[in-house]
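Take a look at the structure set out below.
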RNA sequence: GCCGGAGUAGCUCAGCUUGGCAGAGCGAUUCCUUCGUAAGGAAUAGGCCGAGGGUUCAAAUCCCUCCUCCGGCUCCA
């Protein structure tokens, strides 16, 4: 029998008998690995473990404890859901049912499902898992499959796109159920140790709003019941961190039905945090050579016509009629800043010119998009605009990136970085685009920042680097950004005089260190679970007198700490109750003072992490507090 | 915007299936208690049951329209 050679991930080559499957090779390597093998990745494609290998294949063995396996298992779980659905609702039509990062979904149509149906289908799915049906791959002639799906436009669509030209076509069968599918799958339905349906919603076919609306059922599956329990527990904890819930509990902001959707109202606690954030950004900006400017919320639409917003963005703008003249609330700050730049003539020596403004903007987002602070109609951008010579782009972008990195470090945040390149519809020459993109790339690489390239995802006016945050529920939101703009300088006919005494066109850089204060605050609330670092905490110290007799001492203490946000708990509660409340309000430090402390002039310090120390010297505590605040330390560390 | 779910006291929720006096806990207020490290006690106040219309002797409850929120899709700071 002839042999074939496969290459393993470590680069080693292995000779095996022709016709060997992924599983055979695993056993060849070792019996333990053979038993653990659940699938393989061959030349980058995930396949069943029973797939025969070709000579020269690159092979990765997939075992149970891997993300690949979880995807395979969940893909099979999606089939189990579909089978259960068809047992209960034979009329339902299946569209597509892929695995996701932490589960699966299946898009279906021609069936109405409510929560009762979901419970029934879930019970049916448990039954299918108990039946332990073998999952088999079958190759069918294309014509036969096309005919079988005669009245299912979605499966036919898949045959014409993903499976275009394939003949035969693979179908996976388990019991009476079969589904058009490339696989791979686990061996039998019994391999799914834990299965649950999570929620029901909707989606457009192929994500296109012009297509049919489908019912999307989300679920997840695990090999072991305990894994699923742990996952569901993490989900519950994430829900507790949701900024909409904490925002209300901690009295940070509200969005009132009467005052309007997507229009957040910041309470004193919220405003204290925003003010600290603004002061921090202002320091960074002043250090980096930005000059503060300020522009109004409203401009004549003449400006929006000049900037191109009226043409491209008018559907998202709030327009007002003022004495038969049209005005618009600003959706962006850049046209105002470009106009300021245009008020004088500039020399090449003056550039870069850098303006910044915490500018409130208004964007009429689609109603279904609004969500807490992450998507709103009125929000404030920590907006900077720079006017630079083309040869200054790289140095400027480097400066901006350094500041963005500084922000991430200060808060201990993490984000997905993406370089978005030239879209099909764009302005500016090939040469300037290429140069700009390579400059952005080079800044990212010189800073060792990991990033994805999103081809064609740039703005029509220039390429950009976006930083996306994940919220507690795992949704991604764009935050800080650096964007190059070749368009606005054209539209505003902005120029500077070069060394050659000729007019030249500057490049504009749009950048935000936070993105918007709204979205950034959302990220911080969830990131810290409401336990803000001392410098940001709306209330930094709470003084808890043991009895009313100690109120005088409490006020003297509060006066000594008058450069901090200090509150005195003077309700007629027991000490235990006062401590309990301070913990639930996530106050970094509590000072508990009774007769003992008052007589010795000390304090008892307790922090929100439940540590405490008695007989603390007031001066020493105050000095620590100042250092902790000024150094922007993340956690209260006096009691370390 | 589209599909689905929901809206009852400041907050969390019960009541709605089967129409018949609008409820609980927390919080608030007042009084008692002055308390030593994660919830002392009692009393009181608090509601256009999201808004409007309809059915009915009677609507929180049934029907219609709208608003808002939640989960997605699509778009984004």
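Numbering (our numbering), first residue to last: 454 to 1093.
Just so it is clear, CB atoms sit at the ideal spot from N, CA and C, and this is done for glycine as well.
The structure presented is a predicted model; accordingly, all values stated were derived computationally and were not measured.
{"Item": "With distance defined between alpha-carbon atoms, name the residue in 1041, 464, 1072 nearest to residue 1086.", "Value": "1041"}
{"Item": "Quick check on residue 630: does DSSP put it in helix, strand or coil?", "Value": "strand"}
{"Item": "Under the assumption that residue 959 contacts residue 949 (Cβ atoms under 8 Å), give the Cβ distance between them as a whole number of angstroms.", "Value": "6 Å"}
{"Item": "Along the chain, where does the beta strand (DSSP E) that runs through residue 830 open and close?", "Value": "From DSSP, residue 830 is part of no beta strand (DSSP E); its letter is neither H nor E."}
{"Item": "Which ranges does the alpha helix (DSSP H) cover as unbroken runs of at least 4 residues, wholly within the segment 587-645, from first to last along the chain?", "Value": "595-601, 606-613"}
{"Item": "Report buried or exposed for residue 905, applying the criterion of at least 16 other Cβ atoms within 10 angstroms of its Cβ.", "Value": "exposed"}
{"Item": "Does the contact criterion of 3 or more C-beta pairs under 8 Å hold for the segment 583-595 versus the segment 696-713?", "Value": "no"}
{"Item": "Please report the distance separating the alpha-carbon of residue 758 from that of residue 501.", "Value": "58 Å"}
{"Item": "Whose C-beta lies closer than 7 Å to the C-beta of residue 469 among residues of the same chain, with five residues either side of it excluded?", "Value": "456, 457, 459, 477, 478, 481"}
{"Item": "Quick one: give me the first and last residue of the alpha helix (DSSP H) that residue 856 is part of.", "Value": "846-864"}
{"Item": "Does the segment 577-588 come close enough to the segment 635-650 to have 3 or more Cβ pairs within less than 8 Å?", "Value": "yes"}
{"Item": "Touch check for the segment 817-834 and the segment 938-956: three-plus C-beta pairs under 8 Å?", "Value": "no"}
{"Item": "Do you know whose CA, among 498, 519, 520, lies nearest residue 511's CA?", "Value": "498"}
{"Item": "Shortest alpha-carbon distance to residue 870 belongs to which of 803, 1034, 877, 922?", "Value": "922"}
{"Item": "What separation, rounded to the nearest whole angstrom, lies between the Cα atoms of residue 513 and residue 521?", "Value": "11 Å"}
{"Item": "Using a Cβ-Cβ cutoff of less than 6 Å, which residues in the same chain neighbour residue 466 once the five nearest sequence positions on both sides are dropped?", "Value": "458, 460"}
{"Item": "Rounded to whole angstroms, what is the Cα-Cα separation between residue 722 and residue 1025?", "Value": "24 Å"}
{"Item": "May I have the straight-line CA-CA distance separating residue 980 from residue 971, to the nearest angstrom?", "Value": "14 Å"}
{"Item": "Starting from the C-beta of residue 643, find all residues in its chain whose C-beta is less than 7 Å away, skip the five residues before and the five after it, and write them out in chain order.", "Value": "582, 585"}
{"Item": "Just reading off the alpha helix (DSSP H) that residue 528 is part of, what are its end residues?", "Value": "520-541"}
{"Item": "Is the beta carbon of residue 1031 closer than 8 Å to that of residue 450?", "Value": "This structure gives no information on residue 450, because the portion of the chain shown stretches from 454 to 1093."}
{"Item": "To the nearest angstrom, report how far apart residue 953 and residue 496 are at their CA atoms.", "Value": "57 Å"}
{"Item": "How would you label residue 924, buried or exposed, when you count the other beta carbons within 10 angstroms and need 16 or more for buried?", "Value": "buried"}
{"Item": "Between residue 1018 and the rest of its own chain, which residues show a CB-CB distance below 6 Å, the 5 nearest in sequence each way excluded?", "Value": "992, 993"}
{"Item": "Report the three-state DSSP secondary structure of residue 799 (helix, strand or coil).", "Value": "coil"}
{"Item": "Quick check on this structure: which residue in 669, 646, 645 has the alpha carbon closest to the alpha carbon of residue 656?", "Value": "669"}
{"Item": "Have a look at residue 601 and residue 494 and give me their C-alpha separation to the nearest angstrom.", "Value": "30 Å"}
{"Item": "For residue 571, collect the residues of the same chain with a Cβ closer than 8 Å to its Cβ; drop the 5 residues on either side in sequence, then sort them by chain order.", "Value": "650, 653, 670"}
{"Item": "Closer than 7 Å by C-beta to residue 743: which residues in its own chain qualify, once you throw out the five before and the five after it? Chain order, please.", "Value": "807, 808, 809, 837"}
{"Item": "Please identify the residue among 1076, 489, 883, 896 whose C-alpha is closest to the C-alpha of residue 1014.", "Value": "1076"}
{"Item": "Is the segment 746-755 touching the segment 778-790, taking contact as three or more C-beta pairs under 8 Å?", "Value": "yes"}
{"Item": "Ignoring anything shorter than 3 residues, give me the beta strand (DSSP E) runs that lie fully in the segment 725-757, in order along the chain.", "Value": "751-753"}
{"Item": "What are the uninterrupted segments assigned as alpha helix (DSSP H) that are 4 or more residues long and contained completely in the segment 948-991, given in chain order?", "Value": "970-980"}
{"Item": "Under three-state DSSP, which class holds residue 897?", "Value": "helix"}
{"Item": "Mark residue 416 as exposed unless 16 or more other C-beta atoms lie within 10 angstroms of its C-beta, in which case mark it buried.", "Value": "Residue 416 is absent from the structure shown; the chain starts at 454 and stops at 1093."}
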